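Protein sequences appear in the order of chains A and B.
Heads up, the first sequence is in the UniProt record's numbering, so the first residue is 1 and it goes up one at a time.
Heads up, the second sequence is in the UniProt record's numbering, so the first residue is 1 and it goes up one at a time.
To keep things clear, I will list the structure first and then write my remarks on it.
2 protein chains.
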Amino acid sequence: MDDETAPQKGTVTQRAIERIKAMIGEGRLEPGQRLPTERDLAVQLGISRSSMREAIRALTVLGVLEARHGSGIYVTQLEAGDLLETFGVVADLSRGPRLVELLEIRRILESTATALAAARITADQLAEVEKHLAAMNATDDPEEILAHDLAFHREIAVAAGNETMAAILEGLSSRTFRARVWRGYQEEGAFARTRREHAAIHRALAARDPEAARAAAAAHVGEVEEWLRAQLGPQGRSPGPDVPPLT
Amino acid sequence: MDDETAPQKGTVTQRAIERIKAMIGEGRLEPGQRLPTERDLAVQLGISRSSMREAIRALTVLGVLEARHGSGIYVTQLEAGDLLETFGVVADLSRGPRLVELLEIRRILESTATALAAARITADQLAEVEKHLAAMNATDDPEEILAHDLAFHREIAVAAGNETMAAILEGLSSRTFRARVWRGYQEEGAFARTRREHAAIHRALAARDPEAARAAAAAHVGEVEEWLRAQLGPQGRSPGPDVPPLT
DNA sequence: ATCCGCGAGGTGGTCGGACCACTATGCGCC
DNA sequence: GGCGCATAGTGGTCCGACCACCTCGCGGAT
Numbered sequence: 001m002d003d004e005t006a007p008q009k010g011t012v013t014q015r016a017i018e019r020i021k022a023m024i025g026e027g028r029l030e031p032g033q034r035l036p037t038e039r040d041l042a043v044q045l046g047i048s049r050s051s052m053r054e055a056i057r058a059l060t061v062l063g064v065l066e067a068r069h070g071s072g073i074y075v076t077q078l079e080a081g082d083l084l085e086t087f088g089v090v091a092d093l094s095r096g097p098r099l100v101e102l103l104e105i106r107r108i109l110e111s112t113a114t115a116l117a118a119a120r121i122t123a124d125q126l127a128e129v130e131k132h133l134a135a136m137n138a139t140d141d142p143e144e145i146l147a148h149d150l151a152f153h154r155e156i157a158v159a160a161g162n163e164t165m166a167a168i169l170e171g172l173s174s175r176t177f178r179a180r181v182w183r184g185y186q187e188e189g190a191f192a193r194t195r196r197e198h199a200a201i202h203r204a205l206a207a208r209d210p211e212a213a214r215a216a217a218a219a220h221v222g223e224v225e226e227w228l229r230a231q232l233g234p235q236g237r238s239p240g241p242d243v244p245p246l247t
Numbered sequence: 001m002d003d004e005t006a007p008q009k010g011t012v013t014q015r016a017i018e019r020i021k022a023m024i025g026e027g028r029l030e031p032g033q034r035l036p037t038e039r040d041l042a043v044q045l046g047i048s049r050s051s052m053r054e055a056i057r058a059l060t061v062l063g064v065l066e067a068r069h070g071s072g073i074y075v076t077q078l079e080a081g082d083l084l085e086t087f088g089v090v091a092d093l094s095r096g097p098r099l100v101e102l103l104e105i106r107r108i109l110e111s112t113a114t115a116l117a118a119a120r121i122t123a124d125q126l127a128e129v130e131k132h133l134a135a136m137n138a139t140d141d142p143e144e145i146l147a148h149d150l151a152f153h154r155e156i157a158v159a160a161g162n163e164t165m166a167a168i169l170e171g172l173s174s175r176t177f178r179a180r181v182w183r184g185y186q187e188e189g190a191f192a193r194t195r196r197e198h199a200a201i202h203r204a205l206a207a208r209d210p211e212a213a214r215a216a217a218a219a220h221v222g223e224v225e226e227w228l229r230a231q232l233g234p235q236g237r238s239p240g241p242d243v244p245p246l247t
C-alpha cells in the first residue's frame, strides 16, 4: 500500500532494475522462469516500454536475464558462469599496474585451486587434463596452444570443486586478456619454460601432492607476473601502438 | 573498408556495446573523457538513439560509462572499484551452496590480503584499523557494528596494496550479502567470538606478523563459512524465514 | 572593472507508437 | 495420424516528441 507513492529515487530505469533484482532475490522469480512480456512488465511497473527495455538490457549484460527473440525473457540459471561473465570485461579493460594486480589475484586463486584439485581430482578429470597437456605440446599454432592452455587450467579449477572460483579464474584468463599479455611474453622464447611448468603442475596432480601443486601453480603464474612487472617498470607505459583519438 | 558492410552478427545494440568497449580498449577513449552525445553516437554507429541508449545503459551498469543528466556521458576512471561494483550483484543473488563457495573465495583472498597487510601496513593505516575496531566494540547497534566491520576489513585490504583485491573483497562483503548471512550467525551469540577474532587479527597486524595474520583472518572467515555449511547441510535449504512467494 | 544572477541552449531521461524479425502454436490439408 | 503453413505473439528497431537538468555566457548591478 505504502509503495504506491513513487519513491522518486534515481531514474525510473534504475528503479526497474532494482525491482526485478529484488524479485529474484526474494525468490519470486525462479531461475529459468519466463518473465511477462516487455509490454506487460512496463505496465506493471508503470513505466514506458523503452525504459523497461533498458532495464532488461542492463540485467541481460549482467547475466541475470536472457532475452530470446520471438520467445520471451527468461531468468538465467544464476550459476557462477552466468553472473561472472562480466568479470572478463574487467580483465579486458584493465591495463598497466592493474594487470599486475589481476595476475596477483590469479596467482593466489590458481595456486589454491590447484592444491585443492590435487587432493580431489578424479581419474577422469586427470585424463582430461593430460589430454590438453598433450595437445598443447603437439602443436606450434599459438592459437591452439592458447586454447588448450585455457582448457588445461579450467579443468583443474573445476576439479577443485568450487564452481565460482573456476568462473572467476576463467574471467581472469579470458582470451583477449591472455592474448594481450602473452603476445610479448611468449615471443621471448618462453614456450619451453611454460611447458616445463605445466608438466610440473601435472606431476603434482598425478602424485596427489597439494603442496607441490600449490607451489608449481604459483610459480607458473608468478613467472608471467614478474615478466609483466618488469615490462611496466622501465617505461611506465602499457604496450600497444599509440592510436590518436579519432573524431 | 571491409567493415563497411554490416557483419550482421547479433543485435545492433550488442554490436554498439562491443564497438564502444573496443574504442576504450584501443585507447581511443581515455578514462574521464566525455563522449559525443547520444544522438551523435547513434548517427556515427548508424543506429537509432533508442538502441544506442540501451548500449550506453549496459556499459553504465558495467561501470565503464557514467551518464550525467544534462551534462553528458563520460568514461569512468576504469578503476577497480568502478568495474567490480557489479561483483556485489553476484553475492546478492547467490544462495545455497554458492554462498559457501563465495565465502571460501573470500577466506582465501582475505587471509592473503591480511598477511600482506601485516607486512606493509603503515602507522596511519593501523590507527585507522584500530579506530574501527574500537567503534565496533563500543556499540550494540547491529547496523553500526556491520558498518565498522566492513570498514575494518576494507582498510586492511587497502593496506595490502592491491586495489583490485580490495574491490573484490568489498563486493564479497556487500551489505546485503553480509546482512543475510550474519542475521542468523550473530543471533547465536557470536558477537563475543567475532570480537576475539578481530582482536587477534589486529594483534597480528600490530606485530607485523604475516603468518599469524593469515591464520587469524582465515579462521575468522572460516568460522562463518563452517556455520553456513552446517546450516545448509541438514535441511538443504537456504537460511532465513521461508517467505511464501508474494503475488 | 568586477561580480552576480538569470536565461537560453544543449544534454540525458522518458514516453508513445509504429513497424520489422523471429518463434511457437495450432489448424487444416495430405 | 503426421506434416506444413498461416497466424498470433514476442523481442528488436526505429522515429519523433517532450521533460528535467546542467552549463555557460550575456547582461545588469555593484
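The beta-carbon is built from N, C-alpha and C at its ideal position, and this holds for glycine as well.
Note that the structure is a prediction, hence the values are computed from the model and not measured.
Legend entry - Pair within 8 Å by beta-carbon distance, Leu83/A and Ile73/A: Locating residue 83/A in the first sequence gives position 83, counting from the first residue. Locating residue 73/A in the first sequence gives position 73, counting from the first residue. No, these two residues do not count as a Cβ contact at 8 Å.
Inset, instruction - Could you check how far apart the C-beta atoms of Ala159/B and Arg120/B are, in whole angstroms? I think they sit under 8 Å. - result: Within the second sequence, numbered from 1, the residue matching residue 159/B stands at position 159. Within the second sequence, numbered from 1, the residue matching residue 120/B stands at position 120. Their Cβ separation, rounded to whole angstroms, is 6 Å, which keeps Ala159/B and Arg120/B in contact under 8 Å.
Legend entry - Cβ-based burial, Glu143/B [other Cβ within 10 Å; buried from 16]: In the second sequence, counting from the first residue as 1, residue 143/B sits at position 143. Per the 10 Å Cβ criterion, exposed.
Inset, instruction - Can you say whether Thr164/A is buried or exposed, counting buried as having 16 or more other CB atoms within 10 angstroms of its CB? - result: In the first sequence, residue 164/A corresponds to position 164, counting from 1. Buried: at least 16 other Cβ atoms inside 10 Å.
Inset, instruction - Note down, one range per segment and in chain order, each alpha helix (DSSP H) of at least 4 residues found wholly within the UniProt domain "HTH gntR-type" (10 to 78) of chain B. - result: 12 to 25, 38 to 45 and 49 to 61
Legend entry - Contact with chain B by Ser50/A, beta-carbon distance below 8 Å: For the purposes of this step, residue 50/A is identified with residue 50 of the first sequence, where counting begins at 1. Output row for Ser50/A: interface = yes.
Legend entry - Contacting positions in the segment 102 to 115 of chain B - beta carbon closer than 8 Å to chain A: Leu102, Glu104, Ile105, Ile108, Leu109 and Thr112
Inset, instruction - Flag this pair as yes or no: are the beta carbons of Glu155/A and His202/A separated by less than 8 Å? - result: The residue labelled residue 155/A in the question sits at position 155 within the first sequence. The residue labelled residue 202/A in the question sits at position 202 within the first sequence. In this structure, His202/A does not lie closer than 8 Å to Glu155/A by Cβ.
Legend entry - Distance between Arg49/B and Pro97/B (C-alpha atoms, nearest Å): Within the second sequence, the letter at position 97 stands for residue 97/B. Within the second sequence, the letter at position 49 stands for residue 49/B. Distance between the alpha carbons of Pro97/B and Arg49/B is about 42 Å.
Inset, instruction - Confirm, please, whether the CB-CB distance from Arg107/A to Ala218/A is below 8 Å. - result: Residue mapping note: residue 218/A aligns to position 218 of the first sequence, counting from 1. Residue mapping note: residue 107/A aligns to position 107 of the first sequence, counting from 1. In contact: Ala218/A and Arg107/A (Cβ atoms closer than 8 Å).
Legend entry - Opening and closing residue of the alpha helix (DSSP H) in which Thr194/B lies: In the second sequence, counting from the first residue as 1, residue 194/B sits at position 194. It spans Phe191 to Ala206 - the alpha helix (DSSP H) in which Thr194/B sits, taken as one unbroken run.
Inset, instruction - Could you check the C-alpha separation between residue 288/A and Ala58/B for me, to the nearest Å? - result: Since the first residue shown for chain A is 1 and the last is 247, residue 288/A is missing from the structure and cannot be characterised.
Inset, instruction - Reducing DSSP to helix, strand and coil, say where Arg95/A ends up. - result: Position 95 of the first sequence, counted from the first residue, corresponds to residue 95/A. DSSP places Arg95/A in coil when its eight states are reduced to three.
Inset, instruction - Can you grab the Cα-Cα spacing for the pair Glu38/B / Arg28/B, in whole Å? - result: Taking the first residue of the second sequence as 1, we reach residue 38/B at position 38. Taking the first residue of the second sequence as 1, we reach residue 28/B at position 28. When rounded, the distance between both Cα atoms is 18 Å.
Legend entry - Any C-beta of chain A under 8 Å from that of Asn162/B: Residue numbering aside, residue 162/B sits at position 162 when the second sequence is read from its first letter. So yes, Asn162/B belongs to the interface.
Legend entry - Cβ contact (3+ pairs, closer than 8 Å) linking the segment 110 to 127 of chain B and the segment 207 to 227 of chain B: yes
Inset, instruction - Mark Ser94/B as exposed unless 16 or more other C-beta atoms lie within 10 angstroms of its C-beta, in which case mark it buried. - result: Your numbering for residue 94/B matches position 94 in the second sequence. By the neighbour-count rule (16 or more Cβ atoms within 10 Å), Ser94/B is buried.
Inset, instruction - Compute the distance between the beta-carbons of His148/B and Ala135/B, then report whether it is under 8 Å. - result: Walking along the second sequence from the start, residue 148/B turns up at place 148. Walking along the second sequence from the start, residue 135/B turns up at place 135. Yes; because the gap between Cβ atoms is below 8 Å, this pair is in contact.
Legend entry - Residue from Ala22/A, Phe177/A and Asn137/A with nearest C-alpha to Arg193/A: Here residue 193/A is taken as the residue at index 193 of the first sequence, counted from 1. Of the candidates Ala22/A, Phe177/A and Asn137/A, the one whose C-alpha sits nearest the C-alpha of Arg193/A is Asn137/A.
Inset, instruction - Output, in sequence order along the chain, the residues in the segment 88 to 101 of chain A whose CB is closer than 8 Å to any CB in chain B. - result: Val89, Val90, Asp92, Leu93, Ser94, Arg98 and Glu101
Inset, instruction - Give, in chain order, every residue of the segment 74 to 86 of chain A whose Cβ lies closer than 9 Å to some Cβ of chain B. - result: Leu78, Glu79, Ala80, Leu83, Leu84 and Thr86
Legend entry - Partners in chain A for Gly25/B, counting only beta-carbon separations shorter than 7 Å: Translated into positions along the second sequence, residue 25/B becomes position 25. Those within 7 Å of Gly25/B in chain A are Asp92 and Leu93.
Legend entry - Simplified DSSP assignment, three categories, for Leu84/B: Position 84 of the second sequence holds residue 84/B. Here Leu84/B sits in coil by DSSP.
Inset, instruction - Taking all protein chains shown into account, decide if Ser71/A is buried (16 or more other Cβ within 10 angstroms of its Cβ) or exposed. - result: Your numbering for residue 71/A matches position 71 in the first sequence. The residue in question, Ser71/A, is exposed, as its Cβ has fewer than 16 Cβ neighbours within 10 Å.
Legend entry - Closer than 9 Å at the beta carbon, the chain A residues around Val158/B: For the purposes of this step, residue 158/B is taken as the residue at position 158 of the second sequence. By Cβ distance, chain A contributes nothing, its closest Cβ being about 12 Å from Val158/B, past 9 Å.
Inset, instruction - Would you mind reading off the limits of the alpha helix (DSSP H) that contains Asn162/B? - result: Position 162 of the second sequence, counting from 1, holds the residue named residue 162/B. From DSSP, Asn162/B is part of no alpha helix (DSSP H); its letter is neither H nor E.
Inset, instruction - Can you give me the Cβ contacts of Leu169/A inside the same chain, cut-off strictly under 8 Å, excluding the 5 residues immediately before and after it? - result: In the first sequence, the residue the question calls residue 169/A occupies position 169. The residues are Arg106, Leu109, Glu110, Ala113, His153, Arg154 and Ala157.
Inset, instruction - Give the straight-line distance between the Cα atoms of Gly25/B and Asp92/A, rounded to the nearest whole angstrom. - result: Counted from its first residue, the second sequence places residue 25/B at position 25. Counted from its first residue, the first sequence places residue 92/A at position 92. Straight-line Cα distance between these residues: approximately 7 Å.
Inset, instruction - At 9 Å on the CB atoms, spell out the chain B contacts of Met165/A, in chain order. - result: Residue 165/A sits at position 165 when you count from the first residue of the first sequence. Chain B residues near Met165/A: Glu101, Glu104, Ile105 and Ile108.
Inset, instruction - Consider the Cβ of Leu62/A: report whether some Cβ of chain B lies at a distance smaller than 8 Å. - result: Translated into the one-based positions of the first sequence, residue 62/A becomes position 62. Yes, contact with chain B.
Inset, instruction - Give the straight-line distance between the Cα atoms of Arg208/B and Ala200/A, rounded to the nearest whole angstrom. - result: Position 208 of the second sequence, counted from the start, is the residue given in the question as residue 208/B. Position 200 of the first sequence, counted from the start, is the residue given in the question as residue 200/A. If I take the Cα positions, the gap works out to 34 Å.
Inset, instruction - With distances taken Cα to Cα, identify the nearest neighbour of Gly81/A among Gly63/A, Thr122/A and Ala67/A. - result: By one-based count along the first sequence, residue 81/A stands at place 81. If we check each option's Cα against that of Gly81/A, Gly63/A comes out closest.
Inset, instruction - Taking C-beta pairs closer than 7 Å, name the residues in chain B that Arg53/A reaches, listed in chain order. - result: For the purposes of this step, residue 53/A is identified with residue 53 of the first sequence, where counting begins at 1. What Arg53/A touches in chain B: Glu54.
Inset, instruction - Pick helix, strand or coil for Ser173/B, following the three-state DSSP scheme. - result: Within the second sequence, numbered from 1, the residue matching residue 173/B stands at position 173. Correct three-state label for Ser173/B: coil.
Legend entry - Contact with chain A by Arg57/B, beta-carbon distance below 8 Å: As a working mapping, residue 57/B is identified with position 57 in the second sequence. Closer than 8 Å: yes.
Legend entry - Range of the contiguous alpha helix (DSSP H) that encloses Ala135/B: In the second sequence, the residue the question calls residue 135/B occupies position 135. From DSSP, the alpha helix (DSSP H) with Ala135/B extends over Ala123 to Asn137.
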